[in-house]
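Worksheet: one structure, shown below.
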Amino acid sequence: MASPSTVVREVVKETFKGSGAVEEPSHQLSAQSRARFNAHASRDPETGELFMGPDEFINAVAPENEDYHKIKRDQYSILFRVADNRGHGRLSLADWGVFENLLMKPDAEYEIAFRLFDVDRTGDVKYDDFRRLYELNKGPDNIPFDWDCEWAKLYIGSKKKRHNLSYPQFSQMLRGLQGERIRQAFQLFDKDGDGYIDPEEFERIIIETSKHKLSDHLLANLHTLCNISTGSKISYANVRAFQNMIKEMDLVELIVRRAIAMSTDGKITRAEFVNEASKVTRFSLFTPMEADILFHFASLDEPSGRLGLKDFAKVLDPSWRNPMYDTDESAAPTTKKATFLHGLLESSYNFALGSVAGAFGAFMVYPIDLVKTRLQNQRGAQPGQRLYKNSIDCFQKVIRNEGFRGLYSGVLPQLVGVAPEKAIKLTVNDLVRRQFTDKQGRIPLSAEILAGATAGGCQVVFTNPLEIVKIRLQVQGEVAKTLEGTPKRSAMWIVRNLGLMGLYKGASACLLRDVPFSAIYFPTYSHLKKDFFGESPTKKLGVLQLLTAGAIAGMPAAYLTTPCDVIKTRLQVEARKGEASYTGLRHAAKTIWKEEGFTAFFKGGPARIFRSSPQFGFTLAAYEVLQTLLPMPGGKAEEKMQVGVSEVMSTVTKRGTLDTSPFARSRNALKIILDLDEDFGRSKIPDANSWKSLPKVMGGGGAAQ
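Sequential numbering of the sequence shown, starting at 1, is according to UniProt numbering.
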């Protein structure tokens, strides 16, 4: 099969060089259509002309790397009979152009089915031709269908008065065929005529008539339909209600999405679905039993009765599949390796964005952090002993004595330290949260607190050395003004002077501050987003809402941990002449209490709030903007359920067009044809002339069966 690069090369070649000598009608083809043909066609050794046989055709309309869900790839051979409209057994470029043009029609699915059964290309489907082709392709052990039933007679007439079907008549018959197949199958299994069949019989009916349209989740749980009532059997009303639900999946999904969009938590109940259905459909289209069936299958993994989009996706999306269906032992090593590499790339990407965003947030609020440190470090209980009266006075004196650049003393170590701090904190918090989150996405408050506390504890390994350097750089400008001749030290000098053990001075206080800070911050932030701003799987918050949630969550976390921050600052700042040195955490706390009183523990508290809250806000804003401007190279598209009506309404304007490739339209055409029989097309279809010579048992001979 030709690779995408081959097709691209063909398009470029055709666009710039022209197509050369081709059949007359082909000049109407687009470069893409011609390139697809050239990429898959074979060359006739005698004439040198390119052509497609059945195998080449399947490769063109059914690439091997596509997901075929419940349709077998070899069933696409049905469409070759349609494309080979002259019955030559091979397609020219002109034939391919006609077929691709047919696929682009709005009613292509029905017209392809019609052309398949219009054997003589007369514009009418003859009953005998239709019946032969049906008998040839139906599964040998499948539930039989009576074409002499009253329903069929209404469309094609009785045996003595058969008439041909025009395209509108034929397409309308196909529209109602599946319902009649189900009715006849139910009647066949209801041997005692009481209006009930066993769950296993219902399962067989649906698998043989509708398997190609249903999700794996539905197919695996069909037998549970009997549980919507008190009995152990399934009534005809149940079967009809089920059929109506799967027939209107696009509309059901639209109603579900609209109802969920108006929900505060992204979940809805049966009553909310029915209420929304009555508004959307104008008339009450869905019966109580139909709603019961929808919620029965959607709630098998979530018995609470309050369901989210993920629960409904398992029912509504025919491409939804359990991971166990995708297991391929031969491909497992490659898949695992690819997954690992992708995870590594994604982690590096998030680390880089988090580092840049964190550095931006830290830079924007750094002057506030410097003021906070200066206030926390000044000793003395009497006003005359204090250098700064309050935060504003400190800010003004720093600018007056040290200039504007003084507000950024020690900023470089802070920016360097933000990267590992944010990476470790966010990664550990997410990791622990995932361990305690159940299948429904719920996590206990105690687990949220534990996750935050663990994240805060882990970050100290990186942040304590950088903070002690930052703090000493922040206060040295102040020392230089009070003590003449004090040399100005660089960050590297401080690191060498402190040594490895010295870099972790005050680490216990740092732990005492960061553990409760993160334990308060992360749960508060999470619940603000979910409970106050209404974040849900279907409602993403805007940047302003994220900023607000981050700022509010930072306020209590920052202020309540200020005493620990004061003690940490005192332990990490180098004591001046005449000032007592603290020997440890307990000694520092006792000395501050004795000499300065309880209020000293909250020095710089307001500055800490004004620093922490906007810092998280700036960081989140930068992160959101960077994700938009610099998307992850080769990143996976957001996973979502395959949509019908709602996608047309919400995404067609974003993407400009829906998927109109030959594969996508061909697959839709097959879904209509497979309503006749699930096995249709699994045997090779003979050409228009040869099938009439087949034995009668194979559907040949000319007479109706």
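The beta-carbon is built from N, C-alpha and C at its ideal position, and this holds for glycine as well. For clarity, every value in this text was computed on a predicted model and none was experimentally measured.
For residue i, which of helix, strand or coil comes out of DSSP?
{"i": "P367", "result": "helix"}
{"i": "residue 722", "result": "The chain is shown from 1 up to 705; residue 722 falls before or after that span and cannot be answered."}
{"i": "G358", "result": "helix"}
{"i": "Y388", "result": "coil"}
{"i": "M52", "result": "strand"}
{"i": "K267", "result": "strand"}
{"i": "N322", "result": "Because the pLDDT of N322 is 45, which lies under 50, any placement of that residue in the model is unreliable, and the number read from its coordinates should be weighed accordingly. In this structure, N322 counts as coil in the three-state DSSP scheme."}
{"i": "L307", "result": "strand"}
{"i": "V125", "result": "strand"}
{"i": "L676", "result": "coil"}
{"i": "F312", "result": "helix"}
{"i": "I143", "result": "coil"}
{"i": "R36", "result": "helix"}
{"i": "N85", "result": "coil"}
{"i": "S158", "result": "coil"}
{"i": "Y110", "result": "helix"}
{"i": "S348", "result": "helix"}
{"i": "A62", "result": "coil"}
{"i": "S490", "result": "coil"}
{"i": "K302", "result": "Reading the sequence as shown, one finds Glu at residue 302 and not Lys. E302: coil per DSSP, three-state reduction."}
{"i": "D418", "result": "Reading the sequence as shown, one finds Val at residue 418 and not Asp. Residue state, collapsed to three classes: helix."}
{"i": "P556", "result": "helix"}
{"i": "T287", "result": "coil"}
{"i": "T437", "result": "coil"}
{"i": "V119", "result": "coil"}
{"i": "E248", "result": "coil"}
Can residue i and residue j be called in contact, C-beta distance under 8 Å?
{"i": "N464", "j": "L415", "result": "no"}
{"i": "L670", "j": "I71", "result": "yes"}
{"i": "M52", "j": "L102", "result": "no"}
{"i": "L585", "j": "K505", "result": "no"}
{"i": "S171", "j": "F114", "result": "yes"}
{"i": "I672", "j": "Y76", "result": "no"}
{"i": "F297", "j": "N221", "result": "yes"}
{"i": "L307", "j": "F295", "result": "yes"}
{"i": "V515", "j": "A491", "result": "no"}
{"i": "V432", "j": "L412", "result": "no"}
{"i": "I255", "j": "E208", "result": "no"}
{"i": "V274", "j": "R258", "result": "no"}
Only counting the same chain, and skipping five residues up and downstream in sequence, which positions put a Cβ closer than 8 Å to that of residue i?
{"i": "H223", "result": "P199, E200, F202 and E203"}
{"i": "F360", "result": "F618, T619 and A622"}
{"i": "C458", "result": "I424, K425 and V428"}
{"i": "residue 708", "result": "Nothing can be reported for residue 708, as the shown portion of the chain is limited to 1 through 705."}
Using a Cβ-Cβ cut-off of 7 Å (strictly less than) and excluding sequence neighbours within five positions of residue i, which residues of its own chain qualify?
{"i": "R513", "result": "T561, C564, D565 and K568"}
{"i": "M173", "result": "Y155 and L165"}
{"i": "H212", "result": "K70, I71, K671, L674 and E678"}
{"i": "G195", "result": "S235 and Y236"}
{"i": "A41", "result": "L50, F51, M52 and E56"}
{"i": "C394", "result": "V371, R374, L375 and Y388"}
{"i": "L528", "result": "A549, I552 and A553"}
{"i": "T287", "result": "A241"}
{"i": "I197", "result": "F186, F189, D190, K233 and I234"}
{"i": "D146", "result": "Q184"}
Below 6 Å CB to CB, which residues in the same chain sit around residue i once its five sequence neighbours on both sides are set aside?
{"i": "A557", "result": "F517, I520 and Y521"}
{"i": "P686", "result": "Per-residue confidence for P686 stands at a pLDDT of 49, beneath the threshold of 50, marking its modelled position as unreliable; the derived number appears in the next sentence. There are no such residues."}
{"i": "M641", "result": "Residue placement at M641 is flagged as unreliable, the pLDDT there being 42, under the threshold of 50; a coordinate-derived value is accordingly withheld."}
Provide the residue(s) that pair with residue i in DSSP beta bridges, ordered along the chain.
{"i": "S42", "result": "F51"}
{"i": "Y196", "result": "S235"}
{"i": "L91", "result": "M52"}
{"i": "L165", "result": "V125"}
Contact between the segment 443-460 and the segment 488-502 is defined here as three or more beta-carbon pairs at a separation below 8 Å; is this criterion met? The segment 443-460 vs the segment 488-502: no contact.
Are there three or more Cβ pairs, one per stretch, closer than 8 Å when the segment 361-375 is compared with the segment 606-621? The way I'd put it, the segment 361-375 does touch the segment 606-621; three or more beta-carbon pairs between them come closer than 8 Å.
The segment 284-292 touching the segment 240-248, judged by at least three CB pairs closer than 8 Å: At 8 Å Cβ cutoff, the stretches touch.
State whether the segment 56-64 contacts the segment 113-132, with contact taken as three or more CB pairs (one from each stretch) at a distance under 8 Å. Touching, no, given that fewer than three Cβ pairs across the two stretches are closer than 8 Å.
Given 8 Å as the limit, is there contact between the segment 137-152 and the segment 107-120, that is, 3 or more CB pairs closer than that? Short answer: they don't touch.
Would you be able to state if there are at least three C-beta pairs under 8 Å between the segment 395-404 and the segment 582-595? Short answer: they don't touch.
Answer yes if the segment 180-194 comes into contact with the segment 265-284, meaning at least three C-beta pairs across the two stretches below 8 Å, and no otherwise. Not touching, per the Cβ criterion.
Does the segment 212-222 come close enough to the segment 303-318 to have 3 or more Cβ pairs within less than 8 Å? Flag = yes, the segment 212-222 and the segment 303-318 touch.
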